[in-house]
Amino acid sequence: MKSLEELEKIREQAKDLINLRKDNENKTRIVVGMGTCGISAGARQVLLAILDEIKKRNLNDVIVTETGCIGLCKFEPLIDVIKPGQPKVTYVNLDAEKARQIVAKHIVNNQIIEDWVIPNI
Amino acid sequence: MKELSLHILDIVENSINAGATRVKISIKEESKRNLMTITIADNGKGMDEDTLKKVVDPFFTTRTTRRVGLGIPLFAQAAKMAGGDLKITSKIGMGTKVEATFIKNHIDLQPLGNMADTLVTLCALYPHVEFIYEHSVDDKIFIFDTGEVKKRLKDVPINHPLVLEFIKDYVDSNLKSILEV
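Listed in order, the protein sequences are those of chains X and W.
This note's numbering puts the last residue of the first sequence at 121; the count rises by one with no breaks.
This note's numbering puts the last residue of the second sequence at 1181; the count rises by one with no breaks.
Here it is, written out as structure tokens:
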């Protein structure tokens, strides 16, 4: 069983990376829709997949936040990707696997996955 | 909603939207009474009596994007389907408490689902809010308190990827040990 004592070790590991993680305007923001509609459609798994990819790829310049229902419930789970100096991109009908690919292609390689971007409504 | 842990996540979102800085989630499982009680108590801004009467109505919401709100009605429905009920008490300036009861072995009881995922989600999104999670199964109890975690982390934020990974394993392994018969 895990114990809180292990946090001391994690603190040591994490401390070195901390300066790189301070908030600033040059960071990419990922906003996950976490309203009732988002949660029931699977937003929690989408969020956890994004966090996992960020950890695996050691991305220090990405901030993950949430928003409530934006009134597009039938497109949930959805996320906004906001890269500094670029227009907001909204991805819709996501799942954990798609979310991982967005991190790899859009966040890391700067390639928007057009097929999953919100259609004109 | 497929699992109770998702309802809990949704109700806690309400607390945070109401300005809560401290949210206590408690799950109490009692074999003798064949009862499970889920309580979510916050120190948010609270509601007046008039609002309180309306919150179980799906056609009431404080949101402005749409005129329906399903979080509490869905949680109430999950409780009623499992032979239980949902009660909300609130006081302006004092906070709100949502308490749902369930018959533990009811055939329509939704699975609890992944509480570790719900707690990791909350710590990731709301690093400045204090969460206390207390889960008891008869006389066995597990308490997870973000205040205690933060004390040990000092200057390292609770939503650091390595910390979140730890929280997931920590909650998973401790819950497993109290849920084992």
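Cβ coordinates follow ideal geometry from the N, Cα and C atoms, glycine included.
| task | Just the C-alpha distance for T1062(W) and D1155(W), rounded to the nearest angstrom, thanks. | result | 36 angstroms
| query | Counting pairs of beta carbons, one from the segment 1117-1133 of chain W and one from the segment 1052-1070 of chain W, are three or more of them closer than 8 angstroms? | reply | no
| query | Using the beta-carbon of each residue, which ones in chain X are nearer than 9 angstroms to M1001(W)? | reply | T36, I39, S40
| query | Excluding sequence positions up to five away, which residues of its chain have a Cβ less than 6 angstroms from the Cβ of A1090(W)? | reply | The amino acid at residue 1090(W) is misidentified as Ala; the sequence shows Ser. Taken in chain order, the residues that qualify are G1046, M1047, L1052, T1096.
| query | How about the segment 76-86 of chain X and the segment 1007-1023 of chain W: do they share at least three Cβ pairs that are nearer than 8 angstroms? | reply | no
| task | Pull up the distance between the alpha-carbon of L1164(W) and that of R11(X), whole angstroms please. | result | 12 angstroms
| task | Please name the residue, chosen from I113(X), L7(X), V117(X), E97(X), that lies closest to E53(X) on a Cα-to-Cα basis. | result | E97(X)
| Cβ-based neighbour list, P1058(W), same chain, cut-off 7 angstroms, excluding 5 preceding and 5 following | V1068, G1069, L1070, P1073
| Length of the line joining the Cα atoms of Q13(X) and S1136(W) | 33 angstroms
| Reduced DSSP secondary structure (H/G/I, E/B, other) of I1107(W) | coil
| task | Give the residues from the segment 68-91 of chain X that approach chain W closer than 8 angstroms (Cβ to any Cβ), ordered along the chain. | result | G68, C69, I70, G71, C73
| field | 7 angstroms Cβ shell around F1144(W) - same chain, five flanking residues per side excluded | value | L1119, Y1133, V1171
| Any idea if K1002(W) is buried or exposed, counting beta-carbon neighbours within 10 angstroms, 16 or more meaning buried? | exposed
| task | Closer than 8 angstroms by beta-carbon distance: list the chain W residues that pair up with R44(X), in chain order. | result | L1006, L1009, D1117, T1118, T1121
| CA-to-CA distance, E1099(W) to Q1077(W), given in whole angstroms | 13 angstroms
| query | From N1043(W), N1034(W), K1176(W), pick the residue whose C-alpha is nearest to that of M1094(W); which is it? | reply | N1043(W)
| task | Mind checking which residues open and close the alpha helix (DSSP H) that includes T1118(W)? | result | 1115-1125
| What runs of the beta strand (DSSP E), each 3 residues or longer, lie entirely inside the segment 71-119 of chain X? | 79-82, 89-91
| request: List the DSSP bridge partners of E950(W). | output: Residue 950(W) lies beyond the range of chain W shown here (1001 to 1181); nothing can be said about it.
| task | May I ask you to report which of helix, strand or coil DSSP gives S1177(W)? | result | helix
| task | Closer than 6 angstroms by C-beta to A1041(W): which residues in its own chain qualify, once you throw out the five before and the five after it? Chain order, please. | result | K1024, K1097
| query | If you run the structure through DSSP and keep just helix, strand and coil, what is S1031(W)? | reply | coil
| request: Please report how far the alpha carbon of D1050(W) lies from the alpha carbon of E8(X), in whole angstroms. | output: 48 angstroms
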